[in-house]
Amino acid sequence: MKKTVRIKINGKTYEAEEGESILSVCNRENIDIPNLCFNEALAPYGACRLCMVEVVNGPGKKGMTTSCTLEAVEGLEVVTDTEQIVKYRNVLFELYLAQAPNSEEIKEMAAKYGVTKTRFAKKAKPLDPLGNKCVLCGQCVRVCDEIMGTAAINYIGRGFHTKINTPYLEKNDACMGCGACAEVCPTGAIQMEDIYDKRIMKSWSGTEVKLKKCKSCGRYFAPEPIAEFAYAKLDPEIKEELKDLCPDCRRKLLSRKEILISQGEVSKNED
Ligand code: FES
Numbered sequence: 032m033k034k035t036v037r038i039k040i041n042g043k044t045y046e047a048e049e050g051e052s053i054l055s056v057c058n059r060e061n062i063d064i065p066n067l068c069f070n071e072a073l074a075p076y077g078a079c080r081l082c083m084v085e086v087v088n089g090p091g092k093k094g095m096t097t098s099c100t101l102e103a104v105e106g107l108e109v110v111t112d113t114e115q116i117v118k119y120r121n122v123l124f125e126l127y128l129a130q131a132p133n134s135e136e137i138k139e140m141a142a143k144y145g146v147t148k149t150r151f152a153k154k155a156k157p158l159d160p161l162g163n164k165c166v167l168c169g170q171c172v173r174v175c176d177e178i179m180g181t182a183a184i185n186y187i188g189r190g191f192h193t194k195i196n197t198p199y200l201e202k203n204d205a206c207m208g209c210g211a212c213a214e215v216c217p218t219g220a221i222q223m224e225d226i227y228d229k230r231i232m233k234s235w236s237g238t239e240v241k242l243k244k245c246k247s248c249g250r251y252f253a254p255e256p257i258a259e260f261a262y263a264k265l266d267p268e269i270k271e272e273l274k275d276l277c278p279d280c281r282r283k284l285l286s287r288k289e290i291l292i293s294q295g296e297v298s299k300n301e302d
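Numbering-wise (the working numbering), the sequence shown opens with residue 32 and increments by one.
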């Protein structure tokens, strides 16, 4: 079991697990800190720099640092809203407004902190596959690699030309079409669409993933690799009869079976 430590945030004492990120503690305690690249399910990354706090006391280095990578230790004391932090954060918001001029999510987040304009030149690129909404926070890259184990997308290019996409901007068979990348993207940059029997990952070089058809209702319900993945996890006793059924038809079949079992018409192991 992890040790509990006492830390101070803005002069108030809180308990935290030793090693827990300060941003997690702030989220839990409703202390507002903007962030773009933090996700509890992923390893801390420290890319967006929006989550800055200032360490004013404690065993380590003092000064400004990212709260998503700062770990709770006994006696740590931070402040979250100094003039310097607000200035730094506002410049970052201006940069993100220029980098992702089409992202309503970025506009909304920046406006919440009082930033509605940018002094930087907007970097809209024609035909950007991410719709000029990406700020390179990398959540999509990390969820694809760390959670799905797929690594179908990555950073490509350098400096100003860095972008996220499939290798060589080609369709990538490794993509399972799970959509986790779109789910975690904080700027609404990733586009995908289900067209008849295919999921098209529009942002990922038009990568296509076949959808599985439900053998009962005929509806296309999930990308084939994801349906296979879920199928592998099913209870072996009922696996065969549930194979290739969409979640709705699975539920209907199971509840019909439950009713028959409760009426004594079918034994638990009967088909
Ligand atoms: S959330 Fe901490 S650097 Fe992005």
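By construction, the Cβ of each residue, glycine as well, lies at the ideal position given by its N, Cα and C atoms.
A quick note: this is a predicted structure, and the numbers were derived from the prediction, not measured.
Closest Cα partner of residue i within the set the options
i, options, result
"L71", "D63, C79, N58 and A182", "One point to set straight first is that residue 71 is Glu, not Leu, in the sequence displayed. It is N58."
"D112", "C82, A78, Y186 and G188", "C82"
"V166", "E51, K270, L67 and E177", "L67"
"Y127", "N163, P75, G50 and L73", "N163"
"A205", "V240, D228 and K233", "V240"
"K12", "D279, K264 and P267", "Residue 12 is absent from the model: the chain starts at 32 and stops at 302."
"I62", "C171, E49 and Y45", "Y45"
"D228", "V36, G249 and C79", "G249"
"K143", "L158, F124 and A129", "F124"
"K43", "V104, E108 and G210", "E108"
"S236", "I221, E255 and E214", "I221"
"D159", "L200, A183, A182 and E60", "L200"
"A103", "I38, V110 and K118", "I38"
"I226", "G208, K138, E214 and I40", "G208"
"R80", "E49, I64, S286 and A74", "I64"
"A304", "K148, C212, A155 and C216", "Limits of the chain in this structure are 32 at one end and 302 at the other, which puts residue 304 out of reach."
"K202", "M179, K233 and L284", "K233"
"L73", "I178, T35, N133 and E85", "I178"
"F260", "V215, G180 and V84", "G180"
"V117", "A141, N133 and E268", "A141"
Residue i Cβ short of 7 Å to the ligand GTP heavy atom set
i, result
"C68", "Questions concerning the ligand GTP fall outside what the structure shown contains, since the ligands it does hold are the ligand FES."
Check: residue i C-beta below 7 Å from any heavy atom of the ligand FES
i, result
"A78", "yes"
"T218", "no"
"C57", "no"
"E245", "A quick correction: the sequence has Cys, not Glu, at residue 245. No, the ligand FES has no heavy atom inside 7 Å of this Cβ."
"C82", "yes"
"S234", "no"
"L54", "yes"
"S98", "yes"
Presumed contact (8 Å Cβ cut-off) between residue i and residue j, rounded CB distance
i, j, result
"L291", "L284", "About 11 Å; that fails the 8 Å criterion."
"L242", "A253", "7 Å"
"N121", "V146", "5 Å"
**Asked** Below 8 Å, can you find three or more Cβ-Cβ pairs linking the segment 186-200 to the segment 82-97?
**Response** Because the criterion of three Cβ pairs below 8 Å is not met, the segment 186-200 and the segment 82-97 do not touch.
**Item:** Whole alpha helix (DSSP H) elements within the segment 228-276, 4-residue minimum
**Value:** If one requires a minimum length of 4 residues, the alpha helix (DSSP H) runs lying completely within the segment 228-276 are 255-263 and 267-273, in chain order.
**Prompt:** Can we say the segment 48-63 touches the segment 97-110, given the rule of at least three CB pairs closer than 8 Å?
**Reply:** These segments touch.
**Request:** Could you tell me which uninterrupted beta strand (DSSP E) segments, each at least 3 residues in length, are contained entirely in the segment 179-226, listed from first to last along the chain?
**Result:** Runs of the beta strand (DSSP E) lying entirely within the segment 179-226, each at least 3 residues long, are 185-187, 194-196 and 224-226 in chain order.
**Item:** Any beta strand (DSSP E) of 3 or more consecutive residues that is wholly inside the segment 68-115
**Value:** The qualifying runs are 83-88, 94-97 and 108-110.
**At least three beta-carbon pairs within less than 8 Å, the segment 167-175 to the segment 195-202** = Yes: the two stretches touch, three or more of their Cβ pairs being nearer than 8 Å.
**Asked** What are the complete alpha helix (DSSP H) segments, minimum 4 residues, inside the segment 112-160?
**Response** Here the runs fully enclosed are 114-130 and 135-143.
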